[in-house]
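S.K.: Dumping the structure here so I can ask a few things about it.
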Amino acid sequence: MDPLSEVLSLLETRNSYFAGLRAGGDWAFDIPAPVGIKFSAVVEGTCWLTVEDAGPPVQLHAGDCVLLARPRRYSLASDLSVTPIALADVYRVPPEGGISRYGEADDFFLIGGRFSFEDDAKLLLDDLPPLIVVRGHSEQAAILRWALQQLAQEFSTSLPGASLMVQHLAHMMLVQILRLHADSYAQGAAGWLAALADPRIAAALNAIHAEPARRWTVDDLAARCNVSRSTFALHFKRKMGFGPLDYLLRWRMQLATRKLRRSDASVSAVAQELGYDSDSAFSHAFKRIIGCSPREYRAR
1219 MDPLSEVLSL
1229 LETRNSYFAG
1239 LRAGGDWAFD
1249 IPAPVGIKFS
1259 AVVEGTCWLT
1269 VEDAGPPVQL
1279 HAGDCVLLAR
1289 PRRYSLASDL
1299 SVTPIALADV
1309 YRVPPEGGIS
1319 RYGEADDFFL
1329 IGGRFSFEDD
1339 AKLLLDDLPP
1349 LIVVRGHSEQ
1359 AAILRWALQQ
1369 LAQEFSTSLP
1379 GASLMVQHLA
1389 HMMLVQILRL
1399 HADSYAQGAA
1409 GWLAALADPR
1419 IAAALNAIHA
1429 EPARRWTVDD
1439 LAARCNVSRS
1449 TFALHFKRKM
1459 GFGPLDYLLR
1469 WRMQLATRKL
1479 RRSDASVSAV
1489 AQELGYDSDS
1499 AFSHAFKRII
1509 GCSPREYRAR
């Protein structure tokens, strides 16, 4: 499994919520900071999106997709001159088929969702900017356009299994947005997603994720990337903010927390599975990264 797939598979969704919104005429909605990732896609019409401390307003068109990866207050409006009302007031009226309505016309349709994750999402989410916009007309967004059409269809019908289809389609669109965002990084950009797109580092990340229990050395990882040890170590640290063996340690602890949450495996068994010869070495590494011992983590 590639690193992006593996990290996303670790993101245990604490809860998720999806809804549609139709609006017409002049309108503007003030929306509190979401918990977790907020995902929105414009199906019909246009609107203005303003995100707190994330730059000037952005006009969205049909087919555009938006990812809010930080808990920032934001607003949606047909026109920037309209005074916003609380979106919660609109949602007080029970939605029909998962779609809330505002105004008499139906010239705007948006599908929104929210994913909130467990703590193991930090590796990915801490690397994302507060706002990502993928334009629907771009050639790279073909998969998003298809998924958005399916998503809109699921909202407009009452077929069995529609709720599950909506969740899976939204997850697929989330992965595609992250792919496109990774591809858009400039050469000098830093961060985990940027590293995935860098051939001088990507091979090492793939190797670590394929064999996390192996006793990797910097020389081993540099050889996987076909560069010298010094070049690899310097470039990795510039891109990630820490060294390759620190990344190996952090990834092992990500795997350890999932194992401790999901299984009844003993701490010793988890330690051995991740390549540690002793419980004490594993516990020391775990406490350094997570802030508590494995047993304390499981008890919590």
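Count along the sequence shown from 1, then add 1218; that gives the number in this note's numbering. All C-beta atoms, glycine included, are put in the ideal place defined by N, C-alpha and C. Note that the structure is a prediction, hence the values are computed from the model and not measured.
1) Just curious, the alpha helix (DSSP H) that Asp1248 is in, first and last residue?
2) Expressed to the nearest angstrom, what Euclidean distance is found between the alpha-carbon atoms of Gln1277 and Leu1267?
3) According to DSSP, is Trp1434 helix, strand or coil?
4) Would you say Ile1249 and Leu1294 are within 8 Å of each other, going by their C-beta atoms?
5) Considering only residues of the region 1429-1475, which uninterrupted alpha helix (DSSP H) runs meet the minimum length of 4 residues and lie entirely inside it, listed in chain order?
6) Using the rule of at least 16 other Cβ atoms within 10 Å of the residue's Cβ for burial, across every protein chain shown, is Cys1283 buried or exposed?
7) Is the number of C-beta pairs between the region 1361-1370 and the region 1308-1315 that are closer than 8 Å three or more?
8) Assign Gln1371 to one of two classes, buried (16 or more other C-beta atoms within 10 Å of its C-beta) or exposed (fewer than that).
9) Tell me, please, which residues DSSP counts as bridged to Val1352.
10) Applying the 10 Å Cβ sphere with the 16-neighbour rule, what's the burial state of Pro1221?
11) Can you give me the Cβ contacts of Leu1387 inside the same chain, cut-off strictly under 6 Å, excluding the 5 residues immediately before and after it?
12) Is the distance from the Cβ of Leu1466 to the Cβ of Ile1426 below 8 Å?
13) For Ser1296, which three-state DSSP category applies?
14) Per DSSP, which one or two residues make a beta bridge with Glu1314?
15) Starting from Glu1322 and walking both ways along the alpha helix (DSSP H), at which residues does that stretch end?
16) What is the DSSP secondary structure of Ala1357, reduced to helix, strand or coil?
17) Using the Cα positions of Leu1411 and Leu1346, report the straight-line distance between them to the nearest angstrom.
18) Would you identify the three-state DSSP class for Ala1272, choosing helix, strand or coil?
19) Given Met1390, which residues of its chain have a CB within under 6 Å of its CB, disregarding the five upstream and five downstream residues?
20) On the DSSP bridge assignment, give the partners of Glu1262 in chain order.
21) In angstroms, rounded to a whole number, what distance separates the CA positions of Leu1298 and Cys1265?
22) By alpha-carbon positions, which one of Ile1329, Tyr1494, Ala1241 ends up nearest to Arg1432?
23) Could you check the C-alpha separation between Gly1321 and Ala1246 for me, to the nearest Å?
24) Buried or exposed for Cys1510, please, with buried defined as at least 16 other CB atoms from any protein chain shown within 10 angstroms of its CB.
25) Hey, is the region 1429-1449 in contact with the region 1481-1497, meaning 3+ C-beta pairs nearer than 8 Å?
26) Counting only beta-carbon separations shorter than 8 Å, does Pro1221 have a partner in chain D?
27) Please confirm whether Val1253 and Pro1348 have their CB atoms less than 8 Å apart.
28) Assuming Phe1326 and Ser1296 form a contact by the criterion Cβ under 8 Å, report the distance between their Cβ atoms to the nearest whole angstrom.
29) Which same chain residues, not among the five before or five after Gln1394, have their C-beta less than 6 Å away from its C-beta?
30) Closest by CA to Arg1442, which one among Ala1421, Pro1512, Lys1505, Phe1450?
31) On the three-state DSSP scale, how would you describe Ala1237?
32) Classify Arg1240: buried if its beta carbon has 16 or more other beta carbons within 10 angstroms, exposed otherwise.
M.R.: On the basis of the data shown:
1) In the sequence shown, counting from the first residue as 1, residue 1248 sits at position 30. Bounds of any alpha helix (DSSP H) do not take in Asp1248; it lies within the beta strand (DSSP E) bounded by 1246-1249.
2) Here residue 1277 refers to the residue found at position 59 of the sequence shown. Here residue 1267 refers to the residue found at position 49 of the sequence shown. Note on geometry: alpha-carbon atoms of Gln1277 and Leu1267 lie some 6 Å from one another.
3) For this step, residue 1434 is matched to residue 216 along the sequence shown. Three-state result, Trp1434: coil.
4) Indexing the sequence shown from 1 puts residue 1249 at position 31. Indexing the sequence shown from 1 puts residue 1294 at position 76. Yes, the Cβ-Cβ distance between Ile1249 and Leu1294 is below 8 Å.
5) Listed in chain order, they are 1436-1442, 1447-1458.
6) Numbered from its first residue, the sequence shown carries residue 1283 at position 65. Cys1283 counts as buried, since at least 16 other C-beta atoms from the protein chains shown sit within 10 angstroms of its C-beta.
7) No: the two stretches stay apart, fewer than three of their Cβ pairs being nearer than 8 Å.
8) Working through the sequence shown from its first residue, we reach residue 1371 at position 153. A residue is called buried once 16 or more other Cβ atoms fall within 10 Å of its Cβ, and Gln1371, having fewer, is exposed.
9) By 1-based counting over the sequence shown, the position of residue 1352 is 134. Listed as beta-bridge partners of Val1352 by DSSP are Cys1283.
10) Numbered from 1 along the sequence shown, position 3 holds the residue referred to as residue 1221. By the 10 Å Cβ count, Pro1221 comes out buried.
11) Position 169 of the sequence shown, counted from the start, is the residue given in the question as residue 1387. Around Leu1387: Ala1365, Gln1368, Leu1369.
12) Here the question's residue 1466 lines up with position 248 in the sequence shown. Here the question's residue 1426 lines up with position 208 in the sequence shown. In this structure, Leu1466 lies near Ile1426, with their beta-carbon atoms less than 8 Å apart.
13) One-based indexing of the sequence shown puts residue 1296 at position 78. Reduced to three states, the DSSP call for Ser1296 is coil.
14) For this step, residue 1314 is matched to residue 96 along the sequence shown. For Glu1314, which the question treats as bridged, DSSP gives the partners Ile1317.
15) Here residue 1322 refers to the residue found at position 104 when the sequence shown is read from its first residue. Segment: none, Glu1322 is in no alpha helix (DSSP H) and carries neither H nor E.
16) For the purposes of this step, residue 1357 is taken as residue 139 along the sequence shown, with counting starting at 1. Reading off the sequence, residue 1357 comes out as Glu, not Ala. Helix.
17) As a first step, residue 1411 is located in the sequence shown; it is residue number 193 there, counting from the start. As a first step, residue 1346 is located in the sequence shown; it is residue number 128 there, counting from the start. Leu1411 and Leu1346: Cα-Cα distance of roughly 8 Å.
18) For the purposes of this step, residue 1272 is identified with residue 54 of the sequence shown, where counting begins at 1. Residue state, collapsed to three classes: coil.
19) Within the sequence shown, numbered from 1, the residue matching residue 1390 stands at position 172. Counting only Cβ-Cβ distances below 6 Å, and skipping sequence neighbours, we find Ala1365.
20) As a first step, residue 1262 must be located in the sequence shown, where it is residue number 44. Residue pairing of Glu1262 in beta bridges, as defined by DSSP: Phe1327.
21) Taking the first residue of the sequence shown as position 1, residue 1298 is located at position 80. Taking the first residue of the sequence shown as position 1, residue 1265 is located at position 47. Taking the Cα positions, Leu1298 is about 9 Å away from Cys1265.
22) Residue numbering aside, residue 1432 sits at position 214 when the sequence shown is read from its first letter. Measuring C-alpha to C-alpha distances from Arg1432 to each of Ile1329, Tyr1494, Ala1241 identifies Tyr1494 as the nearest.
23) Position 103 of the sequence shown, counted from the start, is the residue given in the question as residue 1321. Position 28 of the sequence shown, counted from the start, is the residue given in the question as residue 1246. When rounded, the distance between both Cα atoms is 11 Å.
24) By 1-based counting over the sequence shown, the position of residue 1510 is 292. Exposed is the call here.
25) Three or more Cβ pairs drawn from the region 1429-1449 and the region 1481-1497 lie within less than 8 Å of each other, which places the two stretches in contact.
26) Absent from the structure is chain D; it holds one protein chain and no more.
27) Here residue 1253 is taken as the residue at index 35 of the sequence shown, counted from 1. Here residue 1348 is taken as the residue at index 130 of the sequence shown, counted from 1. For Val1253 and Pro1348, no; Cβs fall outside 8 Å.
28) Residue 1326 sits at position 108 when you count from the first residue of the sequence shown. Residue 1296 sits at position 78 when you count from the first residue of the sequence shown. Right, their Cβ atoms sit about 7 Å apart.
29) Taking the sequence shown and counting its residues from 1, one reaches residue 1394 at position 176. The residues are Ile1361, Leu1362.
30) Counting from 1 along the sequence shown, the entry for residue 1442 is found at position 224. If we check each option's Cα against that of Arg1442, Ala1421 comes out closest.
31) As a position in the sequence shown, residue 1237 is number 19, starting the count at 1. Ala1237: strand per DSSP, three-state reduction.
32) As a first step, residue 1240 is located in the sequence shown; it is residue number 22 there, counting from the start. Residue burial annotation: Arg1240 is buried, with at least 16 other C-beta atoms found within 10 angstroms of its C-beta.
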